[in-house]
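The numbering of the sequence shown is the numbering used here, which starts it at 4 and goes up by one. The beta-carbon is built from N, C-alpha and C at its ideal position, and this holds for glycine as well. It should be emphasised that the depicted structure is a prediction, and the values quoted were computed from it without experimental measurement.
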Amino acid sequence: MGVIGLDRVQTVVYKVDPLHPDRAIIAKCAEVIKRGGLVAFPTETVYGLGASAMNPEAVSKVFEAKARPRGNPLIVHVSNLSQVGSVVTHVSPKAEALMKMFWPGPLTLLFPKSDAVLDIVTAGLPNVAVRMPDHPVSQALIEACGVPLVAPSANLSGRPSPTGAKDVLADLDGKVDIILDGGTTHIGVESTVLDVSKEPPVILRPGAIGKEEIEAAFESIGFPGQVLVDGNGPGGSFGSDAEAQAPGANYRHYVPEAGLYLATGTPVEQRQKIIFHALKLALSGTKVAVLASEENFSFYRPLEDLAHGRLHVFILGSRDGLPLVATRLYSTIRRAEEIGAKVILSETFGLEGIGLAIANRLEYASQGKKLPGFGRKQAPETHRPEDAAGEAQEQLSVTPLNLLMVCTGNTCRSPMAEGIFRKSWKEAGEPYPMQVASAGVSTAPGMPASREAVEAVKSMGVDISNHLSASVSRESLEAADLVIAMTQSHKYMLLARYPEFGHKVFTLSEIRPETGGDVIDPYGKSREEYDKTAQLLEKALKGLAKMLSGL
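What follows is the structure, encoded as structure tokens:
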């Protein structure tokens, strides 16, 4: 999409050593900036879109290139303390102490602005946000320019911030003069924005430096007390078009095109919610991406095979390694959208340290949407996956996951499978609503289960004595989320009659390989054969219940 008022340029990408950038390339970039051009470069947090903070036309280009609202202030980046003096009128003792402790680094501080600061930079506000990035490329570039730079994230507004040059190019090709490719950024989320003019100090945007770390720093320099987190953090309001009061406070910036929903609760509760909703969506035809913790990944992985390419699981990192989760967060959201996901389901993490920043970005990326739990009082609604990427997104529903077991006559294998799975699901704790039924591809409706089948599962504590056979129908397949055929021939028959349901039909052996292939019909054989069939089904269906329950 073109940007009104901004001429298209030929974007050049220079790959540089992130630790020892080529001086000639840095000098070339500095000349571009001095002439009013735009250069995207890596910082320790995310890639920034750099322009001279003292050139109003260059700053205007930044807003145009990003399609960024003019009411959203910019952060001024400096490479040394003397540059700070050119843009601020006063540095408080608290601010000075924090600068000594955390600069260069991912901490942005608010100061009273000097007359040299352009109104377009601060959106007319009296304070200017300043930080000193901790990255050799950014430090070298700012130093070579000789002036402070504005450097918001180098992406189109409304897209996740880029942590690699590839994502900068995807958003800003033709809109910036140069992209310095210094590899993947280390931190992955934007800097902490802190207002030390207030008492107590207020974190306006959580970032890599956590609340606890700032409080400990104040304690160590003789300023004990609490640091507050602004109400626009997790749990605040979403989607407001009001102008931001500080850089980064306009959180529409973090909303991806795909609908993003958060799983809350314990790690087990989170994965059970994700398993349920991922299956409901993927088996209904919606492409889904799951953002998983390393600990829960193995529980989701088998579901990918059930979804025929409509479910993709991405590992963010370990719950014990939140810095890696932060590093991967934005790029993973982008990869999820690149594969065409219409819905993204994400786990949530602890709030300690950088966890608060992760929670903040996820909260705003989701616009506050949470995966519903499975309380009995919740009224069922209808899934509307086609609305997932829309402006007004409905909350996902909790209607039962429907399983349909299929054999030939619906008097032996499939009713045994139905009864055994019911018992297995109950033993798994019934973590979410489940309905199980069975039917036959060639049956006379209303027939009871065979006596041998009834006896074979009775010893397992399963009662199918009241079962009456039913024929597979278009309606029963339509209602089912997952159809499990006892043999390959049953699957072929279903697909031949109803090819439109092919995405939800599997053989039991495809889902649970321990069956070793088709579940052979025991009809007309000895009781011993019925017992063997029941035991085979029990082993496979207990495994299926465990898989679907996330246990």
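(message) Rounded to whole angstroms, what is the Cα-Cα separation between L551 and I206?
(response) The residue you call residue 551 lines up with position 548 of the sequence shown. The residue you call residue 206 lines up with position 203 of the sequence shown. Those two C-alpha atoms are separated by around 41 Å.
(request) Specify, as a first and last residue, the run of the alpha helix (DSSP H) that I217 falls within. (result) Counted from its first residue, the sequence shown places residue 217 at position 214. Looking at the DSSP string, the run of the alpha helix (DSSP H) that includes I217 is 214-223.
(request) Output the distance between the C-alpha atoms of V90 and D25, rounded to the nearest integer angstrom. (result) As a first step, residue 90 is located in the sequence shown; it is residue number 87 there, counting from the start. As a first step, residue 25 is located in the sequence shown; it is residue number 22 there, counting from the start. Approximately 29 Å between the Cα atoms of the pair.
(message) Contact between the stretch 453-470 and the stretch 492-502 is defined here as three or more beta-carbon pairs at a separation below 8 Å; is this criterion met?
(response) no
(request) Going by CA-CA distance only, name the one from F44, E433, L41, S441 that's closest to E555. (result) Not covered by the structure: residue 555. The range shown for the chain is 4 to 554.
(request) Measure the Cβ-Cβ separation of V316 and V346 and say whether it is below 8 Å. (result) The residue given as residue 316 occupies position 313 in the sequence shown. The residue given as residue 346 occupies position 343 in the sequence shown. Their beta carbons are not under 8 Å apart, which means V316 does not touch V346 by this criterion.
(request) Would you mind working out which of S160, V16, L84 sits nearest R71, comparing C-alpha positions? (result) By one-based count along the sequence shown, residue 71 stands at place 68. For R71, the nearest C-alpha among the options comes from S160.
(request) Using 10 angstroms around the beta-carbon of N413, count the other beta-carbons present and answer buried if the total reaches 16, otherwise exposed. (result) For the purposes of this step, residue 413 is identified with residue 410 of the sequence shown, where counting begins at 1. Classification of N413: buried, given that the 10 Å Cβ count is 16 or more.
(message) Taking the beta carbon of I423 as the centre, do at least 16 other beta carbons fall within 10 Å, making it buried, or is it exposed?
(response) For the purposes of this step, residue 423 is taken as residue 420 along the sequence shown, with counting starting at 1. Buried: at least 16 other Cβ atoms inside 10 Å.
(request) Return yes when the Cβ of I78 is within less than 8 Å of the Cβ of T46, no when it is not. (result) Within the sequence shown, the letter at position 43 stands for residue 46. Within the sequence shown, the letter at position 75 stands for residue 78. In this structure, I78 does not lie closer than 8 Å to T46 by Cβ.
(message) Going residue by residue through the stretch 263-320, where are the continuous alpha helix (DSSP H) segments of at least 4 residues, counting only ones entirely within it?
(response) 270-285, 300-309
(message) Which residue marks the beginning of the beta strand (DSSP E) containing F105, and which one marks its end?
(response) As a first step, residue 105 must be located in the sequence shown, where it is residue number 102. That residue, F105, is in no beta strand (DSSP E); its alpha helix (DSSP H) goes 96-105.
(request) Could you tell me the distance, in whole angstroms, from the CA atom of K507 to the CA atom of A442? (result) Position 504 of the sequence shown, counting from 1, holds the residue named residue 507. Position 439 of the sequence shown, counting from 1, holds the residue named residue 442. Straight-line Cα distance between these residues: approximately 15 Å.
(message) Can you tell me whether N363 is helix, strand or coil according to DSSP?
(response) Within the sequence shown, the letter at position 360 stands for residue 363. If DSSP states are grouped into helix, strand and coil, N363 belongs with the helices.
(request) Taking 8 Å as the threshold, find out whether the stretch 104-123 comes into contact with the stretch 190-207 through three or more Cβ pairs. (result) yes
(request) Can you tell me which of P107, G371, S301 puts its alpha carbon nearest to the alpha carbon of G553? (result) Within the sequence shown, the letter at position 550 stands for residue 553. Cα-wise, what sits closest to G553 is S301.
(request) Flag this pair as yes or no: are the beta carbons of A459 and D534 separated by less than 8 Å? (result) Sequence index remark: in the sequence shown, residue 459 carries index 456 (1-based). Sequence index remark: in the sequence shown, residue 534 carries index 531 (1-based). The answer is yes: Cβ separation under 8 Å.
(request) On the DSSP bridge assignment, give the partners of N130 in chain order. (result) The count along the sequence shown starts at 1 and reaches residue 130 at position 127. DSSP lists P115 as partners of N130.
(message) Using only the alpha-carbon positions, how far apart do F44 and G358 sit?
(response) Indexing the sequence shown from 1 puts residue 44 at position 41. Indexing the sequence shown from 1 puts residue 358 at position 355. Those two C-alpha atoms are separated by around 25 Å.
(request) Check each candidate in K283, Y526, A440 and name the one with the smallest Cα separation from S472. (result) By one-based count along the sequence shown, residue 472 stands at place 469. Closest option to S472, Cα to Cα, is A440.
(request) Could you tell me which of I224, P165, L52, D184 sits nearest to P96, measuring between CA atoms? (result) Working through the sequence shown from its first residue, we reach residue 96 at position 93. Residue I224 is the option with its Cα nearest to P96.
(message) I need the straight-line Cα distance from T510 to G371, nearest angstrom please.
(response) The residue given as residue 510 occupies position 507 in the sequence shown. The residue given as residue 371 occupies position 368 in the sequence shown. Roughly 39 Å separates the two Cα atoms.
(request) Out of E532, S156, D10, state which residue places its alpha-carbon closest to the alpha-carbon of Q76. (result) Along the sequence shown, read from residue 1 onward, the residue named residue 76 stands at position 73. Here the sequence assigns Pro to residue 76, which means Gln is not the residue at that position. Closest option to P76, Cα to Cα, is S156.
(request) Determine the closest residue to V179 out of V196, N158, P163, G186, with distance taken between C-alpha atoms. (result) Translated into positions along the sequence shown, residue 179 becomes position 176. Out of V196, N158, P163, G186, N158 has the C-alpha closest to the C-alpha of V179.
(request) With distances taken Cα to Cα, identify the nearest neighbour of H23 among G40, A447, P151, A143. (result) If you number the sequence shown from 1, residue 23 lands on position 20. Of G40, A447, P151, A143, the residue nearest in Cα terms is A143.
(request) Using the Cα positions of L282 and V475, report the straight-line distance between them to the nearest angstrom. (result) Numbered from 1 along the sequence shown, position 279 holds the residue referred to as residue 282. Numbered from 1 along the sequence shown, position 472 holds the residue referred to as residue 475. So the two alpha carbons sit approximately 22 Å from each other.
(message) Rounding to the nearest angstrom, what Cα-Cα distance links L480 and R331 in this structure?
(response) Within the sequence shown, the letter at position 477 stands for residue 480. Within the sequence shown, the letter at position 328 stands for residue 331. Using only the alpha carbons, I get a separation of about 40 Å.
(message) As a quick exercise: from K528, E297, L101, A447, pick the residue whose alpha carbon is nearest that of F221.
(response) Start at 1 with the first residue of the sequence shown, and residue 221 comes out as number 218. Taking only the C-alpha atoms, the option nearest F221 is L101.
(request) Within its chain, find whatever has a CB closer than 6 Å to the CB of L84; leave out the 5 residues flanking it on each side and keep chain order. (result) On the sequence shown, residue 84 is found 81 positions in, with the first residue counted as 1. Answer for L84: no residue qualifies.
(message) In whole angstroms, give me the CA-to-CA distance for V192 and T269.
(response) Within the sequence shown, the letter at position 189 stands for residue 192. Within the sequence shown, the letter at position 266 stands for residue 269. One C-alpha to the other measures close to 24 Å.
(request) Answer yes or no: do A289 and K373 have a C-beta to C-beta separation smaller than 8 Å? (result) By one-based count along the sequence shown, residue 289 stands at place 286. By one-based count along the sequence shown, residue 373 stands at place 370. Looking at the sequence shown, residue 289 is not Ala but Thr. No, they are not a contact pair.
(request) Specify the secondary structure class of F377 as computed by DSSP and reduced to three states. (result) As a working note, residue 377 is residue 374 in the sequence shown. Three-state result, F377: coil.
(request) Tell me whether Q229 is buried or exposed, calling it buried when 16 or more other Cβ atoms sit within 10 Å of its Cβ. (result) Here residue 229 refers to the residue found at position 226 of the sequence shown. It counts as exposed.
(message) Just verifying my parser: in three-state terms, what is the DSSP assignment at Y501?
(response) Working through the sequence shown from its first residue, we reach residue 501 at position 498. Note: Y501 maps to coil in three-state DSSP.
(message) Using only the alpha-carbon positions, how far apart do L265 and E350 sit?
(response) In the sequence shown, counting from the first residue as 1, residue 265 sits at position 262. In the sequence shown, counting from the first residue as 1, residue 350 sits at position 347. Distance between the alpha carbons of L265 and E350: 6 Å.
(request) List the DSSP bridge partners of I181. (result) Sequence index remark: in the sequence shown, residue 181 carries index 178 (1-based). The partner list for I181 (beta bridge, DSSP) reads V15, V42.
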